[in-house]
């Protein structure tokens, strides 16, 4: 035993030594990378001379499933720009941030990369890893809200917004017709629809509270009804009001009151469960995002479903939107001019139409229509009446993030552990630390 | 290793030069071990003394990360919450998994009919990947489509039906019992090997002295099984305090619902890599501090266990 203790002491000592060594050696590495940067700058100048010849660009993305679709995008790009060769090389969604961050810090990485929206992506821009692109053509067509997803603290634009995600209630048209129900135009009508469905023995809302992100998402939808669309959101993001506002507490209470319209055992239901419940016509409504349209259709191709924007008490209607991703240029890229040409291509109507057809997503470019009826209608509503999804747009900083706190506390509320007022209080407490206008 | 080489060289006298070169042979293995085992552990330990901004390391902050971990909310209460769950994980596994494994091993040892079949049957779940096990049990425990609730309904036990993984009162216990189901066969194997290594003469002698039933178990089997029991205790302890895969597979990185299934390893994952729903995290330093605390806690507890076992063995 004494031997063991001696080994332990030796082991601990060895550890200490290595820690000290590791600390010293790392400062050495930094100078090494600086030297490397110097080299790459030289390479930039030499490659610019050959720009007339074939240039090769790589695109980094977290959308591994979109490879074949991007091939079509690249083919369209090459019709007008035959001299720029483009390669799409995506990384697994969950590992993308780590791999990109590491590569950027080493002065490497793809020429063009998919930038996470809002705080997560802007962190990279503020650290100087992203090339400002305010000077490229085509940016002026986008709405200010969408450009904000990749606008740095210095006011420069760092990314071209690609697609918009929107959340709203989907509804089963057949169940609504059978029950003689109309799409609700006010909040009170919405509650009435729920009551009628409940009386008819139909589960009104396919929703589960097991996965936290579904809760913030649902608050994004329901909250815009209770808080009258943009009215609260606009005041919130400027700091004019905060989460201690009684109106906000009321929106949390409204979430709590919806529980009776959820399926049995809703505390144990996750994403897959509620999607199945809605697709198999066991529930009439489904609060989720635009990206679910192809998934639900694939699960049950015969399902006839539509969407309705959330109606508020005053009869304002809106869907809740945010930018899902932007494309940006690596500041260390050797082919910045060619990369800018590609980003300009991403702002064109031709690209927008191809994107909507192939990707079945809502394009950030205004005025793009879709052959898919549901997606086309949704695109129009997104342009005409939308509320920003402020949980994703403004409240994703801090550790845990304000959005995470909302999710966890809402989960606690549905389990009866905390009251709606306490939820609002905890969310406010977190936001006061991490959200600039509240400080 | 050293002593055998030295004695060998003493015997052969002049071949000192040759024997010295023998020490070079472990070097490739040591380099691999150092690079892929020691270095990451030590690097993680060193990270716990730095502040982080995203993935870039900032300045040396001494023990600040450790202080933050224990005193700053929500970390402090999350740590205690997760720690309690690890303790429950260990306790329940000791009783439900190792207790049952001991009894089953004893029955198999007594050569019941089909002993070989049961030995394989109990071990079979162990061959599945933990992720597969998690997925399988998630389906079984599903509140509305799952086999368990349907079975309870058929048996007329509707009042027992619940959202097993969604109810904070049953979620953690459900996961631990799934882990017991998964690990049972390994315990049976270890205990069976222990029983089989008890010398037959000893048991015969005890029989002749008139020992039987509980006396036999208490005075003969149990003391002789102490090494196996200790091995299983230590292994279960380490596994319980590192519990991650099943919780992650069944409840995600938030320890849902409402942190009721959070464990220290899941908490660490959330700190260091961010949760699946909230994106990036700045707490790599605090996460490394938690990893260091976890490492030393397991190391020290394991050493105390081992010391205790050695004493026990000497007493016998």
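Residue numbers (my numbering), protein chains in the order written: chain U, 243 to 681; chain L, 874 to 1189.
In this text, a Cβ means the ideal position worked out from N, Cα and C, and glycines have one as well.
Boundaries of the beta strand (DSSP E) in which residue i is found, first to last residue
{"i": "residue 564 (chain U)", "result": "559-571"}
{"i": "residue 1078 (chain L)", "result": "Looking at the DSSP string, residue 1078 (chain L) is not in any beta strand (DSSP E); the run it does join, the alpha helix (DSSP H), is 1073-1081."}
Exposure of residue i, with buried meaning 16 or more beta-carbon neighbours within 10 Å
{"i": "residue 338 (chain U)", "result": "buried"}
{"i": "residue 508 (chain U)", "result": "buried"}
{"i": "residue 1072 (chain L)", "result": "exposed"}
{"i": "residue 280 (chain U)", "result": "Reliability fails at residue 280 (chain U), whose pLDDT of 41 lies under 50, so the model's placement of it is uncertain and the value that follows must be treated cautiously. Under this definition residue 280 (chain U) is an exposed residue."}
{"i": "residue 405 (chain U)", "result": "buried"}
{"i": "residue 571 (chain U)", "result": "buried"}
{"i": "residue 893 (chain L)", "result": "exposed"}
{"i": "residue 373 (chain U)", "result": "buried"}
{"i": "residue 1132 (chain L)", "result": "buried"}
{"i": "residue 1142 (chain L)", "result": "buried"}
{"i": "residue 343 (chain U)", "result": "buried"}
{"i": "residue 335 (chain U)", "result": "exposed"}
{"i": "residue 240 (chain U)", "result": "Residue 240 (chain U) lies beyond the range of chain U shown here (243 to 681); nothing can be said about it."}
{"i": "residue 923 (chain L)", "result": "buried"}
Three-state class that DSSP yields for residue i in the structure shown
{"i": "residue 399 (chain U)", "result": "strand"}
{"i": "residue 269 (chain U)", "result": "Note that residue 269 (chain U) scores a pLDDT of 41, beneath 50, so its modelled location is shaky and nothing firm can be said."}
{"i": "residue 836 (chain L)", "result": "What is shown of chain L runs 874 to 1189, which leaves residue 836 (chain L) out entirely."}
{"i": "residue 415 (chain U)", "result": "helix"}
{"i": "residue 321 (chain U)", "result": "helix"}
{"i": "residue 302 (chain U)", "result": "strand"}
{"i": "residue 409 (chain U)", "result": "strand"}
{"i": "residue 1020 (chain L)", "result": "helix"}
{"i": "residue 548 (chain U)", "result": "strand"}
{"i": "residue 378 (chain U)", "result": "coil"}
{"i": "residue 491 (chain U)", "result": "helix"}
{"i": "residue 679 (chain U)", "result": "helix"}
{"i": "residue 1055 (chain L)", "result": "helix"}
{"i": "residue 1156 (chain L)", "result": "coil"}
{"i": "residue 199 (chain U)", "result": "As shown, chain U starts at 243 and ends at 681. That puts residue 199 (chain U) outside it, with no answer to give."}
{"i": "residue 444 (chain U)", "result": "coil"}
{"i": "residue 1117 (chain L)", "result": "coil"}
{"i": "residue 502 (chain U)", "result": "helix"}
{"i": "residue 297 (chain U)", "result": "strand"}
{"i": "residue 898 (chain L)", "result": "coil"}
{"i": "residue 1091 (chain L)", "result": "helix"}
{"i": "residue 423 (chain U)", "result": "coil"}
{"i": "residue 404 (chain U)", "result": "strand"}
{"i": "residue 1169 (chain L)", "result": "helix"}
{"i": "residue 657 (chain U)", "result": "coil"}
Continuous alpha helix (DSSP H) stretch holding residue i: start and end
{"i": "residue 454 (chain U)", "result": "454-468"}
{"i": "residue 1146 (chain L)", "result": "1137-1146"}
{"i": "residue 431 (chain U)", "result": "429-441"}
{"i": "residue 329 (chain U)", "result": "Run containing residue 329 (chain U): none in the alpha helix (DSSP H); it sits in the beta strand (DSSP E), 326-330."}
{"i": "residue 1104 (chain L)", "result": "1095-1114"}
{"i": "residue 1036 (chain L)", "result": "Counting along the chain, residue 1036 (chain L) falls outside any alpha helix (DSSP H), and DSSP gives it neither H nor E."}
{"i": "residue 342 (chain U)", "result": "335-347"}
{"i": "residue 1133 (chain L)", "result": "Counting along the chain, residue 1133 (chain L) falls outside any alpha helix (DSSP H), and DSSP gives it neither H nor E."}
{"i": "residue 387 (chain U)", "result": "386-389"}
{"i": "residue 921 (chain L)", "result": "No alpha helix (DSSP H) contains residue 921 (chain L), which DSSP labels as neither H nor E."}
{"i": "residue 479 (chain U)", "result": "472-480"}
{"i": "residue 368 (chain U)", "result": "360-368"}
Within 8 Å, do at least three Cβ pairs link the segment 1076-1083 of chain L to the segment 1052-1063 of chain L? With a cut-off of 8 Å, the segment 1076-1083 of chain L and the segment 1052-1063 of chain L do not count as touching, because too few Cβ pairs lie within range.
Contact between the segment 1114-1132 of chain L and the segment 446-456 of chain U is defined here as three or more beta-carbon pairs at a separation below 8 Å; is this criterion met? Taking 8 Å as the limit for Cβ pairs, the verdict is that the segment 446-456 of chain U does touch the segment 1114-1132 of chain L.
Write down every uninterrupted run of the beta strand (DSSP E) in the segment 564-648 of chain U whose length is 3 residues or greater and which is fully enclosed by it, in chain order. Within the segment 564-648 of chain U, the complete beta strand (DSSP E) runs of at least 3 residues are 628-630.
Please give me, in chain order, every unbroken run of the alpha helix (DSSP H) with length at least 4 that falls completely inside the segment 976-1017 of chain L. If we require 4 residues or more, the alpha helix (DSSP H) runs fully inside the segment 976-1017 of chain L come out as 988-996, 1003-1013.
For the segment 480-500 of chain U against the segment 378-385 of chain U, are there 3 or more C-beta pairs whose distance is under 8 Å? Under the 8 Å Cβ criterion, the segment 480-500 of chain U does not count as touching the segment 378-385 of chain U, having fewer than three qualifying pairs.
Is the segment 353-361 of chain U in contact with the segment 391-401 of chain U, if contact means three or more CB pairs nearer than 8 Å? Three or more Cβ pairs drawn from the segment 353-361 of chain U and the segment 391-401 of chain U lie within less than 8 Å of each other, which places the two stretches in contact.
Are at least three pairs of beta-carbons, each pair with one atom in the segment 431-448 of chain U and one in the segment 1021-1040 of chain L, less than 8 Å apart? Taking 8 Å as the limit for Cβ pairs, the verdict is that the segment 1021-1040 of chain L does not touch the segment 431-448 of chain U.
I want to know whether the segment 1157-1165 of chain L touches the segment 928-943 of chain L - three or more CB-CB distances under 8 Å. Touching, yes, given that three or more Cβ pairs across the two stretches are closer than 8 Å.
Beta strand (DSSP E) runs contained entirely in the segment 507-554 of chain U, provided each spans 3 or more residues: Those beta strand (DSSP E) runs which fall completely within the segment 507-554 of chain U and span 3+ residues are 525-531, 547-550.
Tell me, please, whether the segment 556-568 of chain U touches the segment 626-638 of chain U by the rule of three or more beta-carbon pairs shorter than 8 Å. With a cut-off of 8 Å, the segment 626-638 of chain U and the segment 556-568 of chain U count as touching, because enough Cβ pairs lie within range.
Could you check whether the segment 482-494 of chain U touches the segment 525-545 of chain U, counting it as contact only if at least three pairs of C-beta atoms, one from each stretch, sit closer than 8 Å? Proximity of the segment 482-494 of chain U to the segment 525-545 of chain U falls short of the contact definition, fewer than three beta-carbon pairs being nearer than 8 Å.
Under 8 Å, with one C-beta from each stretch per pair, do the segment 965-975 of chain L and the segment 1003-1019 of chain L reach the 3-pair mark? They do not touch, by the three-pair rule.
With a floor of 3 residues, list each beta strand (DSSP E) that falls wholly inside the segment 926-972 of chain L, ordered by position along the chain. Here the runs fully enclosed are 929-933.
With three or more beta-carbon pairs closer than 8 Å as the criterion, would you say the segment 431-439 of chain U touches the segment 618-629 of chain U? In this structure the segment 431-439 of chain U does not touch the segment 618-629 of chain U; the number of beta carbon pairs closer than 8 Å is below three.
At a cut of 8 Å, does the segment 464-476 of chain U reach the segment 663-670 of chain U through at least three beta carbon pairs? Below 8 Å, too few C-beta pairs join the segment 464-476 of chain U and the segment 663-670 of chain U to call them touching: fewer than three.
Under 8 Å: do the segment 1103-1120 of chain L and the segment 1166-1174 of chain L share three or more Cβ pairs, one atom per stretch? Flag = yes, the segment 1103-1120 of chain L and the segment 1166-1174 of chain L touch.
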